[in-house]
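Structure first, commentary second.
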Amino acid sequence: MYPNVDKEMKRQNLSGLQLMRKAKLNYQTVFPKIKHGAGGKITLPEAIAIKKALGVDMELEELFKGVS
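If you count the sequence shown from 1, you need to add 323 to reach my numbering.
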């Protein structure tokens, strides 16, 4: 669903669970939104937490640009 998040996770060799732990987010609630778009859209606080956990210097809009 969010290819830039997926690429960054692969680059850092992070699993979904590891990323959610770093971001202090609930894996079962948030990760399905990232991977499959299930359960709704990512909220702004979730997006900010994920960006901080990844430590990327990328705008939120770019990091969370979805597949068209």
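C-beta: ideal position from N, C-alpha, C; glycine also.
Mind checking residue i: buried by the 16 CB within 10 Å criterion, or exposed?
{"i": "L348", "result": "buried"}
{"i": "I371", "result": "exposed"}
{"i": "E369", "result": "buried"}
Would DSSP call residue i helix, strand or coil?
{"i": "K333", "result": "helix"}
{"i": "F354", "result": "helix"}
{"i": "L379", "result": "At residue 379 the sequence reads Val, which differs from the Leu that was named. V379 falls in the coil class under three-state DSSP."}
{"i": "I371", "result": "helix"}
For residue i, which residues of its own chain have a beta-carbon under 7 Å away from its beta-carbon, when the five flanking residues on both sides are left out?
{"i": "G363", "result": "K356"}
Return the chain-ordered list of same chain residues with a C-beta closer than 6 Å to the C-beta of residue i, the five sequence neighbours on each side being excluded.
{"i": "L377", "result": "E331"}
Excluding sequence positions up to five away, which residues of its chain have a Cβ less than 8 Å from the Cβ of residue i?
{"i": "K375", "result": "A346"}
For the putative contact between residue i and residue j, defined by C-beta atoms under 8 Å, what is the C-beta separation to the nearest angstrom?
{"i": "L342", "j": "I373", "result": "7 Å"}
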